[in-house]
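To keep things clear, I will list the structure first and then write my remarks on it.
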Amino acid sequence: MIEQQYYTRERGGLFSKTDGYDTIAKSPKLKLEFIKKYLHPLCSYDSPSELQKSGEEDETKYPPNLVIMPVASGELIIGQAVYKSKDFTGLRSTFFMHNYVLSANEKHRYVKEPEKLFGITQFQTAYDIGLGSELPTLAAIPYEGNSVLFKDRARLLSELKMDEILFEKLLAAIFTAASSKKKVFIVLDVPISELGTYAKALLYHVYLSLPWSVTEELGVSTYSRSSEAKKNIHITFLEKDVLRYDGKVTKEFVLDFVSQKFLNLDETTHLDPYFKVAAMFRSIKPLWEKFNSYGEQLLNAMKDKGEKTLSFYNRTATLFVIYAYLSNHKPYVLEEGRERQGFLTEALSYLNLPIGDEFKRELIEVIGYAISSLEASLRGGVLLSQEEIVAMLKFKLKVNQGSKTNFEDMLRILLEAIEVARRENNGAYIKEIFAKASKETALYQSLFGKLYSREELKEQVAYTYIKEAFEGINNLDAFITQVKQFEPIESILFTDVYYSNLVKTRFMDCLRAASNKVKLLEKVQQWCEKHQGRLYEELVVLAEEHFLKHIRLEAIESEVALCHITFKHIYDDENYEAIKDYQKLKTSLEAMSPKHIKVNKAVQKQIQHFYKQTVKKEDFYMLVYAFLEPNKEAYSEEMWRLNLTKVLEYLYPISPAIMLDFIIWSKGQEIYMNKTSFDTTVIRFFTKLKEKEGKWPKELAKQKLEGQLKTKTLYAKLNKAMQPAIIKLLSQYGKTIAITGMILIGCAGVGIGGYFAYNYYLAPPPIIDTTAAELEQSIKLPVNELGLPEDQVKAQLKLLEENNKKQNETDETNKDKQGEADVKEEKTQPSVNDKEQVKTPAETKTKSETPDTSQNDNKKQENTSSHTGN
C-alpha cells in the first residue's frame, strides 16, 4: 500500500498550531515519527535565481522538484515540490509538497518499471485544510508512460547534446555514487521551466539502463538551486550558473552541459561488458529480467560481501551473455579486455555460494563453455593470462574431481601454454606456470615427466626454469626453500646430472657466503637428516669439508657450540682432530693418566681462549690440560708436566679467588708435576707478583689457604716469605743484634760521657745552632739506608726501643741483686778499722803498695751478669 503526506505553509498543522510550515494532512498509517525523521528534512524548495530576479509570478514557469529517495527502513519516498506565488495570507510566496511513501514490496515493483516513477500524473499542488487532515491510502499511483521523450532515447540525448558514450559515463558514475558517498551533479542546457521534464526523461532512461539492485538504492532530485550535498540523494539536477567549482565540487562527478565541464568521469566505459549487455537486452523484457535475476541471486548469496558495483555487473554480464547464446544454441567467443579480466576467477567463486542447484548447473555450463572458448584460443597460439590458466585448472579440478579426462586436460593446457610462451621467449610466464602447477603434486610430477620425455623441452624449458629458480641464491635458507619446491619431483631431478651439479654449485655459494660456520653446518646436517638420497649425503660431505677448511677454532666463541659439532664422516684434518680431541677431553679427562694422555696444541690454545673471561672449579681439569708441557725430567715415565706458573699467571687476571681455589684443588691433586716443587712455585709466583705490583692478595690468601688442612703449611711458608726484609732479618737474628747493640751503646755512652766531661770542664761552651728537627733528621738518615718507607722505619725503631727498654730493666734488676749480696758480705766480715788494729806495719805497707782489684772484679762480674741477662 501507498501512504500520502501534504506539506506547506498554513495556519497550523499536525505538529504545530501556529502559523508556519508543517504537515497539514497525511494517511492514517503514516506515523508521525517517520514524517518527522524522513519527510520534513526533504520538504524544501528554493526558487530559481533567474526567475526571482525577473519577479516572475507565473507558477508554471517554475520547475517542479521531483524527489525519489529510499530510506533505511526499506520504504521509498516519491515526492514533488512546486512553487506557489501566494500562501494562505496572500502576501508571500511559498511551496507545496506532495509525498508518496511506498512499502518495500511496492518499491521493488515501481523500480522495475521506471515509467511508474517518472510518469506520475497525480501530484497535488494545493489543499484546503478545511477538508480535514486525513488522506487516503492508495493501492497505486496514476502514471502516464507514453511520453515522446520516454520512448525516443536517441531524440532525448540529441536534444540534451549527449551521445551514447557520455551516457555510459554517466551510468558508470551513478554505479559508483550508489555504493559510495560521491555525488552526481547535472546541469542541463535547457530553459528553466523545462528542466523538470528533461530531468525526468533522462532519469527514466538511466533507470532503464541500470540493474534493479542499483536503482533501488538511488536518491534523485530533479531541481535544486544549491550544490550542497543532501543525505541519501545521489543525483541532483542544478539550475544554470549556480555551480561553483570549489574544492568540494571538483571531487564529485559533474556533467555541466552549459559550461561543457565534465569532471571525474570514467573514460574507458566502452570496455565494460555490462553496457554492451544492457544495450543488447534492456529492450527485451524476458532477457532483461533474467539478467537482473542473475545479479540478485548472486548478491543475495554473497550477503554483506556483495557490492553493487560496475565490476560485479561486468562479470555478471559476461556470464549472462554466454548463457543467452547457449540458450539459443549460438557460439560466443569471449573478447579480450574487461570481458575476460577477472571473469573466470570470480565466476568460479560463485560456485561456492549457497545458490540453488538449477542456478549452479547453469553457471557450470556457462563457465565450462567459456573455458572451452579459451582453450580454443590457446590452441590457436593466443597466450592466455596467468589468471585464466589458473582458473581453467581450478575448474577442471572442481568439476568431476578425480576424472582422468580432467587431469589430462589440465596437463594439456599447461603444455600448450608453455609451448606458446616458449615461442614468444616469455620465461617469466613459464616460471609462473610451474609455480601454479607446483600446488598440485600429481600435476607437477606429470608436467615434469612430460618435459623430461622430450629432449628439446627438457633443455629449453625444464633446465631454463631450474636454472632461473636457483639464480641469485646465496644464503642457505633461500637455497633450502628452493630445493623444497622441487621435492615433489625429486625422483625425476635427482637422477639428472645437470640438476645435481647446479644444486652443488649453488650450495657451495651459500657455504662461502655464510659467516657463522658452526650454525651453518648444524643447519645443513639437520636438514639433510630429514631426507634420503645420494645428493643429500653429498651435500653433507661438502658442508663438513668446507667447515673444516675454513673454520678458525678461536673464532668459535662458545664451548657449548664446539662440543655440539658433529660429523657424519671421518676426515684426515687438523681441525677435525682438534675438535674431536676437545670433545673427548670434556668427557674423559679426569680418568686420563700422564703416561697415556695425548696433548693437542690446538686444543690447548682453544681451552685458553674459552676460559679467558670466566673459570669455574669444574673447569680445572681442562686448565691442567691447557698448560701441559713436555716433561724434560730424566727417568720419568710421565711425558707431560703442568706449568703451574703459567696457570697462575692465566688465572690471576681473571680472578685471584679462583686462582687460590685452583691452588687448593691442585695441592690435593698434584697432577702432572713434581710434588716437592709445588710450594716453591706458588711462593715464587707471589713474590714476583709483589715485586711487580707492590702488593699481593694477603687477606684473600689467608682466608682461602690458612683454613685448609692441605694448604695450611703452604700458607705459613708463603706468609713468612712475603714479610719485609728487615722483619725477616730481625726475626732470624734478633737476639744477637740486640746484644751487639747494647755493647755498642755502652761504648758510645762512655765516649760521649768523656766528651761531655771534657767539654764541660775544659773546653769553652760551643755555639749551638742546630734545630731539633735537623737533629732528628740526622738521626733518621742512617737508619733509613735500607730504603724502606718511613712508616716501616718508625715501626722498626720503636721495636728496637722496646727491646732496649726491656734490657735496661733486666740490668737494673741484676744490679739490685748484686748490691744486696755486697751488703750481706760486709756484715759478715770485720771492719777495716778492726783489721788495721791487728795488722803489723809490714802488712800495712804491703797493702798500701798492692793495687786494689776488687772494683775491677765487681765490674767484671756486672759485665758478665749483663751478658747473661741478654
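For the sequence shown, this note's numbering begins at 2 and goes up steadily by one. Glycine included, every Cβ here is placed at the ideal spot set by N, Cα and C. Quantities reported herein were computed from a predicted structural model and do not represent experimental measurements.
Between which two residues does the alpha helix (DSSP H) harbouring Arg110 extend?
Counting along the chain, Arg110 sits inside the alpha helix (DSSP H) bounded by residues Ala105 to Val112.
Simplified DSSP assignment, three categories, for Val400:
Correct three-state label for Val400: coil.
Rounded to the nearest angstrom, what separates Ile493 and Tyr612 at their Cα positions?
Cα atoms of Ile493 and Tyr612: separation of roughly 51 Å, rounded to the nearest angstrom.
So what's Glu4 in DSSP terms, helix, strand or just coil?
In this structure, Glu4 counts as strand in the three-state DSSP scheme.
Restricting to runs no shorter than 4 residues, where is the alpha helix (DSSP H) found entirely within the stretch 500 to 545?
The qualifying runs are 518 to 530.
Contact set for Tyr144: own chain, Cβ-Cβ below 7 Å, skip 5 residues either direction
So the list reads Glu116, Lys117, Gly120, Ile121 and Thr122, once near-sequence residues are dropped.
With a threshold of 16 other CB atoms inside 10 Å of the CB of Glu308, please say whether the residue is buried or exposed.
So Glu308 ends up on the exposed side.
Among Asn427, Lys37, Phe292 and Ile3, whose alpha-carbon lies nearest the alpha-carbon of Gly14?
Here the closest residue by C-alpha is Lys37.
Hey, could you find the ends of the alpha helix (DSSP H) Tyr651 is sitting in?
That run of the alpha helix (DSSP H) goes Leu645 to Ile655.
Determine the burial state of Leu287: buried for a count of at least 16 other Cβ atoms within 10 Å of its Cβ, exposed for fewer.
Checking the sequence shown, residue 287 turns out to be Pro, not Leu. Within 10 angstroms of the beta-carbon of Pro287 lie fewer than 16 other beta-carbons, which makes it exposed.
Does the stretch 101 to 111 come within contact of the stretch 75 to 92, defined as at least 3 CB pairs closer than 8 Å?
Yes: the two stretches touch, three or more of their Cβ pairs being nearer than 8 Å.
Any idea what DSSP makes of Tyr63, helix, strand or coil?
Coil at Tyr63, not helix or strand.
Rounded to the nearest angstrom, what separates Val525 and His570 at their Cα positions?
A straight-line Cα-Cα distance of about 14 Å links Val525 and His570.
With distances taken between CB atoms, is the gap from Phe176 to Leu311 smaller than 7 Å?
The answer is yes: Cβ separation under 7 Å.
If I measure Cβ to Cβ from Tyr453 and keep anything under 7 Å in the same chain, skipping five residues before and after, which residues do I get?
Same-chain partners within the cutoff: Lys459, Ala463 and Ile493.
Verify whether the separation of the beta carbon atoms of Met98 and Tyr246 is less than 7 Å.
No, they are not a contact pair.
Local conformation of Ser779 per DSSP, three classes:
Bear in mind that the predicted position of Ser779 carries a pLDDT of just 43, short of 50, making it unreliable; the figure below should be weighed with that in mind. In the structure shown, Ser779 sits in a helix (DSSP, three-state: H, G or I).
Residue interval of the beta strand (DSSP E) (run including Phe238)
Start and end: Ile236 to Leu239.
Run through the DSSP bridge pairs and tell me what Thr9 is partnered with.
Beta-bridge pairing links Thr9 to Asp23.
DSSP state of Val322, grouped into three classes?
Val322 falls in the helix class under three-state DSSP.
Which value, in whole angstroms, describes the spacing of the CA atoms of Ser181 and Phe495?
Going by the C-alpha atoms only, they are around 57 Å apart.
Leaving out the 5 sequence neighbours to the left and right, which residues in its chain are closer than 7 Å to Leu536 when beta-carbon positions are compared?
Apart from sequence neighbours up to five positions away, the residues of its chain that approach Leu536 with a beta-carbon distance below 7 Å are Phe495, Ser501 and Val504, ordered along the chain.
Quick test of your reading: Tyr314 and Tyr351, contact by CB under 8 Å. State the CB separation rounded to the nearest angstrom.
About 13 Å separates the two Cβ atoms, so there is no contact after all.
Do Leu300 and Ser214 come within 7 Å of each other at the CB atom, strictly closer than that value?
Going by C-beta atoms, Ser214 is nearer than 7 Å to Leu300.
Look at Ile187 and Phe238 and say whether their C-beta atoms are less than 7 Å apart.
Yes, the pair counts as a contact, with Cβ atoms nearer than the cut-off.
Rounded separation between Lys395 and Thr270 - CA only:
Annotation: Lys395 to Thr270 spans about 30 Å, alpha carbon to alpha carbon.
What residue range does the alpha helix (DSSP H) around Tyr144 cover?
Run containing Tyr144: none; DSSP gives neither H nor E here.
If you compare alpha carbons, which of Gln53, Glu530, Asp47 and Asp59 is closest to Asn66?
Checked all of Gln53, Glu530, Asp47 and Asp59; the closest Cα to Asn66 is Asp47.
Does the distance from the CB of Leu31 to the CB of Glu4 come in under 7 Å?
Against a cut-off of 7 Å, the Cβ pair of Glu4 and Leu31 comes out as a contact.
Who pairs with Pro725 in a beta bridge, going by DSSP?
Beta-bridge pairing links Pro725 to no other residue.
Are the CB atoms of Pro631 and Pro698 nearer to each other than 7 Å?
At least 7 Å separates the beta-carbon of Pro631 from that of Pro698.
Boundaries of the beta strand (DSSP E) in which Pro631 is found, first to last residue
Per DSSP, the unbroken beta strand (DSSP E) holding Pro631 starts and ends at Leu629 to Pro631.
Quickly, what does DSSP pair Asp257 with across the bridge? List them, please.
DSSP, once it has assigned bridges, lists Val188 and Lys262 as partnering Asp257.
7 Å Cβ shell around Asp164 - same chain, five flanking residues per side excluded
For Asp164, where only same-chain residues beyond five positions count, the Cβ hits under 7 Å are Leu158.
Can you tell me which residues form a DSSP beta bridge with Tyr84?
Tyr84 is bridged by DSSP to Phe96.
Using a Cβ distance threshold of 8 Å, determine whether the stretch 321 to 330 contacts the stretch 277 to 295, with at least three qualifying pairs required.
Proximity of the stretch 321 to 330 to the stretch 277 to 295 meets the contact definition, three or more beta-carbon pairs being nearer than 8 Å.
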